[in-house]
Structure formats: C-alpha cells, structure tokens
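Each residue of the sequence shown is one higher than the one before, starting from 146 at the first, in our numbering. Beta carbons: idealized from backbone N, C-alpha and C, even for Gly. Reading through the structure tokens given below for one structure.
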Amino acid sequence: NPGVNALLKVGASDLFDDYKLLGGVRIPTQLNSGGEFLFMVQHLRNRIDHRVVMYRQKTVNTGNLTKSLTHDIRYRLNFPISETWSFRSTVNLRKDNLVFIPVDDNTLSRSSVDHYNSGLNLELVLDNTIPMELNIRRGTRFKIFAEYLQELGDNFDPTFNLGLDLRNYLRIKRNFIWANRLSGATS
Numbered sequence: 146n147p148g149v150n151a152l153l154k155v156g157a158s159d160l161f162d163d164y165k166l167l168g169g170v171r172i173p174t175q176l177n178s179g180g181e182f183l184f185m186v187q188h189l190r191n192r193i194d195h196r197v198v199m200y201r202q203k204t205v206n207t208g209n210l211t212k213s214l215t216h217d218i219r220y221r222l223n224f225p226i227s228e229t230w231s232f233r234s235t236v237n238l239r240k241d242n243l244v245f246i247p248v249d250d251n252t253l254s255r256s257s258v259d260h261y262n263s264g265l266n267l268e269l270v271l272d273n274t275i276p277m278e279l280n281i282r283r284g285t286r287f288k289i290f291a292e293y294l295q296e297l298g299d300n301f302d303p304t305f306n307l308g309l310d311l312r313n314y315l316r317i318k319r320n321f322i323w324a325n326r327l328s329g330a331t332s
C-alpha cells in the first residue's frame, strides 16, 4: 500500500496535436519508501499512431530488507481501419530487479536478482461511443484481444491470453446512463 503521496504530471503537444509528450512523477511522503517515474512520447501525424512509454518504479520492503526496482518500456502501434474500428499492437519489455539492503556481512554478500519479461498484445477495437461528460458516454465499445507473455532468461513456459470486452452505454435521462458489460478471458 503506497500510502499518502504526491503526483505531478506535465504534458505538452504541438499546435495540431501531432506530437505529444507526457512526464510524471509520484513522490511519496517518506522519501526512502520509493517512487515512480513515467515518460510518454506520441507521434500522431500519419495514419499509424506510435506511442512509447517508459516507466520506473521503486518500492522498499522494510520487513525483509529488500528494494525492488521495475523498469518497463512499451511500444504501441494504432492502425485505424475506420472512424470507429482500429487495430492495435503493443510490445513490451520489463526488468524487475530485487536488491537486498545490506545491514550485516550476510546481506552484504548477497547479489541482486534480475527477472526479464516480454510481451506482445494484439487488439481489434470498436469504439462507437460519444462522450456526454467526463466519464459519461453513450454508445457501444468492443474489444477482442490476444496476448503473449514470456519470461526471458530461462526456459519458462509462455502464457497465452485470449479475451473480449463488450460495453454498451444507454442514456436514460440527460446525464444518467445505464451501462452493460460482458467480458471474458482465458489463458
């Protein structure tokens, strides 16, 4: 549980919203308990949209005297088929580093443990919703996805995930909506 913290996000874009930058940092109230950094670049000028997200998280566990560092980078392509249909692909690489905090000679001699993970995500998306207000929509959303996850380094078995998500928002009166959702996944 991260507790109380401060979040700062700053974004910038050009005049025509062809290029976007976003940076963020989460600063905890206890500075030795960790933090998070996020940097995102979007290239939206051509038909195919590109997005790169770099993320870093640090957590400190004082119970077993360990520090966990997570570095994650994701590259996403978004190919619009029409105004409502799109095909999306995401590739990611993640490094988890577990560092033992030295308090005596035994913990000083322990080396850190690294885990590498990779993934590929393919999505077919229909978004025929109309925003009425913030988080209030009407229309239909639909997504079919397939995901491949693999831990790198040793001979670990890969994980395959298949799923769907269907949402329908019905307007009852003014800004009052009824939301139906059908979702499922298997691996």
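{"Check": "Own chain, CB closer than 6 Å to L238, minus 5 neighbours either side, in chain order", "Outcome": "I218, S263"}
{"Check": "Element boundaries [alpha helix (DSSP H), containing N242]", "Outcome": "Per DSSP, N242 belongs to no alpha helix (DSSP H); it is in the beta strand (DSSP E), 230-245."}
{"Check": "Cutoff 6 Å; reference V197; Cβ partners in own chain excluding five residues on either side", "Outcome": "V186, Y220"}
{"Check": "Where G329 falls, given that 16 or more other Cβ within 10 Å makes a residue buried", "Outcome": "exposed"}
{"Check": "Any 3 or more C-beta pairs closer than 8 Å across the segment 168-187 and the segment 149-160", "Outcome": "yes"}
{"Check": "Residue environment, R282, which counts as buried when at least 16 other CB atoms sit within 10 Å", "Outcome": "buried"}
{"Check": "Environment of G179 [buried if 16+ CB atoms lie within 10 Å]", "Outcome": "buried"}
{"Check": "At least three beta-carbon pairs within less than 8 Å, the segment 243-263 to the segment 291-299", "Outcome": "yes"}
{"Check": "Selected residue, minimal CA-CA separation from I193, among E181, I226, V270", "Outcome": "I226"}
{"Check": "Spatial neighbours of K127 in its chain, beta-carbon cut-off 6 Å, leaving aside the 5 residues before and after", "Outcome": "Past the boundaries of the shown model lies residue 127; the chain is included only from 146 to 332, so the question cannot be answered."}
{"Check": "C-beta contact flag for R136 and N320 at 9 Å", "Outcome": "A question about residue 136 goes unanswered here, because the residues of the chain that appear run from 146 up to 332."}
{"Check": "Range covered by the beta strand (DSSP E) that runs through D250", "Outcome": "Unbroken run through D250 is the alpha helix (DSSP H), 250-253; no beta strand (DSSP E)."}
{"Check": "Identity of the residues DSSP links to P303 by a beta bridge", "Outcome": "Paired residues: none, contrary to the question."}
{"Check": "Spatial distance of L315 from E228 (CA atoms)", "Outcome": "21 Å"}
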